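To start, the structure under review is shown below, and the notes come after it.
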Amino acid sequence: MEEKVWDVLIIGSGPAGLTAAIYTSRGAASTLVLAGSSWGGQLMLTTDVENFPGFPQGILGPELMGKMKLQAERFGSIIRYEDAKEIKLAGVYFETRTDQASYKSKSIIVATGAATKWLDAPGVKELIGRGVSSCAPCDAAFFKDKKVAVVGGGDSAMEEALVLTKFASEVVIIHRRDEFRASKIMQDRVLQNPKVKVYWNTEVKEAKGENKLTSLVLVNNKTGEEREEPFDGLFVAIGHIPQSEIFKGFIELDEKGYVKVFDSTKTSVEGVFVAGDVFDFKYKQAVTAAGFGCMAALDVLAYLEEIGG
Ligand code: NAP
Numbered sequence: 255m256e257e258k259v260w261d262v263l264i265i266g267s268g269p270a271g272l273t274a275a276i277y278t279s280r281g282a283a284s285t286l287v288l289a290g291s292s293w294g295g296q297l298m299l300t301t302d303v304e305n306f307p308g309f310p311q312g313i314l315g316p317e318l319m320g321k322m323k324l325q326a327e328r329f330g331s332i333i334r335y336e337d338a339k340e341i342k343l344a345g346v347y348f349e350t351r352t353d354q355a356s357y358k359s360k361s362i363i364v365a366t367g368a369a370t371k372w373l374d375a376p377g378v379k380e381l382i383g384r385g386v387s388s389c390a391p392c393d394a395a396f397f398k399d400k401k402v403a404v405v406g407g408g409d410s411a412m413e414e415a416l417v418l419t420k421f422a423s424e425v426v427i428i429h430r431r432d433e434f435r436a437s438k439i440m441q442d443r444v445l446q447n448p449k450v451k452v453y454w455n456t457e458v459k460e461a462k463g464e465n466k467l468t469s470l471v472l473v474n475n476k477t478g479e480e481r482e483e484p485f486d487g488l489f490v491a492i493g494h495i496p497q498s499e500i501f502k503g504f505i506e507l508d509e510k511g512y513v514k515v516f517d518s519t520k521t522s523v524e525g526v527f528v529a530g531d532v533f534d535f536k537y538k539q540a541v542t543a544a545g546f547g548c549m550a551a552l553d554v555l556a557y558l559e560e561i562g563g
């Protein structure tokens with residue numbers, strides 16, 4: 255156990271966690287960020303971010319996160335690449351355990367974000383990394399001149415499909431309804447691309463393949479018609495799951511696992527605040543996560559003042 259008592263311990267290092275760190279360290283609160291063993295959150299898996307204000311030409315996701323991290327460190331935040339495993343209130347301080355150490359803090363900001371949701375269909379999870387992926391920017395190059403499927407109808411699915419068109423010979427978007435929920439601009443880009451085909455009202459029933467994906471069993475949910483079609487790749491882009499497992503029993507979560515907020519960024523436990531996709535199931539944007547990070551940090555600074563620093 256480290257003897258030092260941090261003013262604030264931030265769990266998570268996406269836009270929410272790092273923005274919070276910029277604000278708390280600039281606010282003279284000693285700040286420890288448990289960044290996780292793979293830091294930076296979902297933007298580390300993205301290529302161009304075109305809608306983060308201040309970058310008119312766009313910026314690469316990992317580059318944006320690198321800048322946020324430098325900015326947090328510039329004001330004194332300490333970043334450790336460790337995963338929080340357990341959090342409890344021990345006397346007047348919170349105690350957060352990782353595999354490497356235990357840390358004491360007066361307050362906590364939960365900013366653990368959300369993770370990929372996978373399809374339940376048989377074969378999908380078994381073939382992850384062997385044709386099945388959730389990250390086109392990471393894996394698209396493996397599918398040069400191949401036929402790939404993207405499942406989903408949101409902006410993520412459109413983005414995955416667009417990245418894949420740069421490599422694959424054919425990109426089939428498989429969507430369970432007859433219209434996308436993605437923004438108009440993203441839909442237009444996808445639908446105008448000659449490599450893209452859409453299978454409407456279609457669901458993946460099974461992913462098949464021994465050592466790598468070879469085909470998908472598809473079902474039309476309007477007609478019930480089922481068929482098997484060869485595919486080399488399957489990119490799943492059907493949303494995310496809040497990363498809140500370790501907070502079960504410590505702070506209140508809703509039935510889907512999102513952290514419940516009570517007043518601005520306050521959670522059910524005094525001194526514990528929340529920011530970003532781990533509670534925000536509505537907006538889920540880098541810029542809103544950063545905004546919530548700022549709010550949580552300001553709430554923490556006020557709380558520290560209240561409890562006497
Ligand atoms: P999303 O908007 O929630 O879309 C998820 C899609 O997956 C929906 O089309 C949904 O179908 C489908 N889906 C969900 N569960 C499914 C299942 N079990 N089987 C088959 N399909 C399923 O998620 P997202 O695309 O990850 O986007 C999340 C947020 O990030 C959004 O606010 C989005 O605007 C934002 N985002 C923005 C950008 C950008 O602006 N560049 C890029 C990526 C994401 P239904 O439509 O039928 O529900």
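Take 255 as the starting number for the sequence shown in my numbering and just add one per residue.
For glycine and all other residues, C-beta sits at the position ideal for the given N, C-alpha and C.
Note that the structure is a prediction, hence the values are computed from the model and not measured.
Alpha carbon of residue i to alpha carbon of residue j, nearest angstrom
i: Phe306; j: Ser267; result: 17 angstroms
i: Leu314; j: Thr477; result: 42 angstroms
i: Glu327; j: Val473; result: 51 angstroms
i: Asp534; j: Phe516; result: 13 angstroms
i: Pro316; j: Glu479; result: 42 angstroms
i: Phe546; j: Arg481; result: 45 angstroms
i: Pro310; j: Lys538; result: 21 angstroms
i: Glu433; j: Ser284; result: 49 angstroms
i: Gly238; j: Gly367; result: Residue 238 lies beyond the stretch modelled for the chain, which goes from 255 to 563, so this question has no answer here.
i: Val303; j: Arg384; result: 27 angstroms
i: His445; j: Thr519; result: The sequence shown places Leu at residue 445, not His. Computed Cα separation, rounded: 39 angstroms.
i: Phe501; j: Asn447; result: 43 angstroms
i: Tyr357; j: Leu343; result: 11 angstroms
i: Met440; j: Ala395; result: 21 angstroms
i: Gly330; j: Leu263; result: 13 angstroms
i: Ser437; j: Ala550; result: 29 angstroms
i: Asn465; j: Ile495; result: 27 angstroms
i: Glu560; j: Cys548; result: 18 angstroms
i: Gly281; j: Met412; result: 40 angstroms
i: Val532; j: Gly345; result: 26 angstroms
i: Asn475; j: Gly377; result: 20 angstroms
i: Lys514; j: Lys536; result: 13 angstroms
i: Val386; j: Tyr512; result: 27 angstroms
i: Phe527; j: Glu257; result: 23 angstroms
i: Glu499; j: Lys510; result: 11 angstroms
Where residue i falls, given that 16 or more other Cβ within 10 Å makes a residue buried
i: Gly407; result: buried
i: Val554; result: buried
i: Gln497; result: buried
i: Asp393; result: buried
i: Met255; result: exposed
i: Gln296; result: buried
i: Pro269; result: buried
i: Ile341; result: buried
i: Glu380; result: exposed
i: Ser423; result: exposed
i: Lys363; result: The sequence shown places Ile at residue 363, rather than the Lys named in the question. Buried.
i: Glu336; result: buried
Top-ranked residue by Cα proximity to residue i, from the options
i: Met322; options: Ala274, Tyr335, Val532 and Gly367; result: Ala274
i: Lys449; options: Val404, Asp374 and Ala491; result: Val404
i: Met319; options: Phe421, Val364, Leu272 and Ala368; result: Leu272
i: Ser279; options: Gln325, Val532 and Asp531; result: Gln325
i: Gly308; options: Arg384, Val541, Tyr537 and His494; result: Val541
i: Leu418; options: Lys342, Val287 and Ala390; result: Ala390
i: Asp334; options: Glu349, Ser292 and Thr300; result: In the sequence under discussion, the amino acid at residue 334 is Arg, which differs from the Asp named in the question. Answer by Cα proximity: Ser292.
i: Thr352; options: Ile265, Glu483, Trp260 and Phe516; result: Ile265
i: Glu483; options: Lys502, Tyr512, Ile500 and Gly463; result: Gly463
i: Arg443; options: Leu470, Leu467, Lys466 and Glu414; result: Glu414
i: Leu467; options: Ile382, Trp260, Ile363 and Gly562; result: Ile382
i: Lys371; options: Gln446, Gly493 and Phe501; result: Gly493
i: Tyr347; options: Ser518, Asp531, Trp260 and Ile439; result: Trp260
i: Ala461; options: Asp374, Asp531 and Val425; result: Asp374
i: Gln354; options: Ala369, Ala338 and Gly345; result: Ala338
i: Gly294; options: Gly345, Glu499, Arg435 and Ala369; result: Ala369
i: Leu416; options: Asn475, Thr301 and Cys548; result: Thr301
i: Leu286; options: Gly312, Ile332 and Lys398; result: Ile332
i: Ser410; options: Lys258, Gly511 and Arg435; result: Arg435
8 angstroms contact criterion, which residue i and residue j should meet: CB distance rounded
i: Val452; j: Ser388; result: Val452 to Ser388, Cβ: 19 angstroms. No contact.
i: Lys420; j: Gly487; result: Lys420 to Gly487, Cβ: 13 angstroms. No contact.
i: Ala365; j: Ala544; result: The Cβ separation is near 10 angstroms, so there is no contact.
i: Tyr557; j: Ser361; result: 6 angstroms
i: Leu299; j: Thr350; result: Between Thr350 and Leu299 the Cβ distance is about 26 angstroms, and since that is not below 8 angstroms, they are no contact.
i: Leu470; j: Tyr277; result: At roughly 46 angstroms, the Cβ-Cβ gap does not stay under 8 angstroms, so Leu470 and Tyr277 are not in contact.
i: Val402; j: Phe485; result: 6 angstroms
Distance cut-off 7 angstroms: residue i Cβ against heavy atoms of the ligand GTP
i: Leu488; result: Judged by which ligands are present, the ligand GTP is missing from the structure shown, whose ligands are the ligand NAP.
* To do: Evaluate contact between the region 453-463 and the region 428-439, counting only Cβ atoms and requiring at least three cross-stretch pairs below 8 angstroms.
  => yes
* To do: Mind the definition here: the region 500-510 touches the region 519-534 only if three or more C-beta pairs lie below 8 angstroms; say whether that holds.
  => Using a Cβ-Cβ distance cut-off of 8 angstroms, the region 500-510 and the region 519-534 are in contact, since at least three pairs of beta carbons, one from each stretch, lie closer than that value.
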